[in-house]
Ligand SMILES: [Zn+2]
Ligand SMILES: [Zn+2]
């Protein structure tokens with residue numbers, strides 16, 4: 002089969018490799034769509050402690066089951082499935098507690114397990130038993146289903162932020178994830194959604210997702226404007242969905258007393274030591290928390306949301322490439338000029 006193999010840092014080669022062999026407990030899926038995530042680009046350039054090259058990246062995928070082991074009862078050839086990233090080990094203290102995205106091993110597709118930038122992907126026993134693999138209805142396309150992975154991460158994040166009816170929510174960073182936050186927060190009851198974004202073209206692109214206020218923070222002071230929009234009080238929920246330390250510093254200044262502040266976007270390793278005025282957290286009694294990945298249940302709910310057309314998931318796909326052009330797909334994704342870039346192997 003054809004696969005895009007990350008051979009060393011910065012070197013990904015599309016080449017022929019053997020099709021993985023199915024054992025009694027595993028499943029082979031023919032990949033129809035795999036979207037490029039910011040983390041794929043980070044791994045491509047800087048590596049990751051959980052990725053040991055040569056490896057096939059890609060964790061936002063969908064495809065068709067073509068073969069299943071004799072012990073597998075959940076899936077059969079012909080099933081159309083969406084596949085997410087984080088795979089609970091099923092046995093550690095966190096997996097037992099039902100929070101598999103906090104798993105101590107933190108297996109993931111496209112990390113320890115080969116991912117979706119290939120014609121086929123193997124779902125091993127752990128993935129089949131505990132992983133984020135969910136059937137999709139016929140009316141959902143593979144391209145759409147691939148985006149259940151990032152959407153699932155958004156569902157996990159917003160659940161942790163405990164979005165409530167009539168909340169004012171600030172989203173800092175209007176990439177595809179930020180735009181998904183707008184739409185899901187609205188569904189969860191937020192009545193006022195304020196988007197803060199540095200780049201003007203990116204902000205303009207986010208306008209079709211229906212937030213109430215759009216602030217371009219390279220043209221005006223984002224913190225001052227959020228306070229002005231909230232009668233000086235700040236927002237009930239502030240979520241950072243970008244890799245910027247400044248966004249975290251600003252987030253606590255935009256928060257209302259007792260607000261939830263979600264550092265959803267991870268920072269580059271060299272920039273994650275951030276100086277915050279913790280007295281703001283102290284006096285405002287803020288709840289500052291993080292969010293990372295998703296549990297299989299979030300992936301399943303994301304599939305349901307996409308199937309129900311609660312979000313028009315097509316709006317999140319701006320480019321499509323064949324596998325041979327994966328380097329171009331990565332370059333387009335890295336340029337941040339569009340939304341999600343989908344590769345169709
Ligand atoms: Zn992703
Ligand atoms: Zn575990």
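In my numbering, the protein residues as written are 2 to 346. Where a beta carbon is used, it is the ideal one built from N, C-alpha and C, also for glycine.
Taking every protein chain shown into account, the CB of residue 187 has 16 or more other CB atoms within 10 angstroms, so this residue is buried. Looking at the backbone, the Cα of residue 104 and that of residue 85 are separated by about 15 Å.
Here residue 212 has 172, 183, 194, 195 and 196 as same chain residues with Cβ atoms under 8 Å from its own Cβ, once five neighbours each way along the sequence are excluded. The criterion of a C-beta distance shorter than 7 Å is satisfied by residue 237 and residue 169. Distances between the C-beta of residue 38 and the heavy atoms of ligand 1 include at least one below 6 Å. With a cutoff of 7 Å on beta-carbon distance, residue 255 and residue 235 are scored as near each other. With contacts defined as CB atoms closer than 7 Å, residue 248 and residue 147 fail to qualify as a contacting pair.
Judged by beta-carbon spacing, residue 70 lies within the 7 Å limit of residue 26, meaning their Cβ atoms are closer than that value.
If the five residues before and after residue 21 are omitted, its C-beta is found closer than 6 Å to the C-beta atoms of 123, all from its own chain and listed in chain order. Residue pairing by DSSP puts residue 320 in a beta bridge opposite 342. Positions of the beta strand (DSSP E) runs, each at least 3 residues long and wholly inside the region 132 to 206, are given as 134 to 136, 169 to 173 and 193 to 198 in order along the chain.
For residue 237, the enclosing beta strand (DSSP E) covers residues 236 to 241.
Pairing residue 158 with residue 150, the inter-Cα distance amounts to about 13 Å.
Beyond the five residues adjoining it in sequence on each side, residue 56 comes within less than 6 Å, by CB distance, of 7 in the same chain, given in chain order. Cβ neighbours of residue 339 within its own chain (closer than 6 Å, five residues either side excluded): 319 and 320. Pairing residue 119 with residue 133, the inter-Cα distance amounts to about 19 Å. Chain order is used for the residues whose beta-carbon lies nearer than 7 Å to a heavy atom of ligand 2, namely 89, 90, 91, 92, 93, 95, 96, 101, 104, 105 and 106. Look at residue 24 here: in three-state DSSP terms it is coil, with no helix or strand label.
In this structure, ligand 1 has a non-hydrogen atom nearer than 6 Å to the beta-carbon of residue 151. Short of 6 Å from the beta carbon of residue 81, and not among the five residues preceding or following it, lie these beta carbons of its own chain, in chain order: 65 and 137.
Between the C-alpha atoms of residue 239 and residue 33 there is a straight-line separation of about 36 Å. Within the model, the alpha-carbon separation for residue 43 versus residue 334 is close to 11 Å. A straight line joining the alpha-carbon of residue 95 with that of residue 87 spans about 13 Å. For the 7 Å CB-CB criterion, residue 322 and residue 330 form a contact.
Taken atom to atom, the span from the alpha-carbon of residue 316 to that of residue 205 is near 14 Å.
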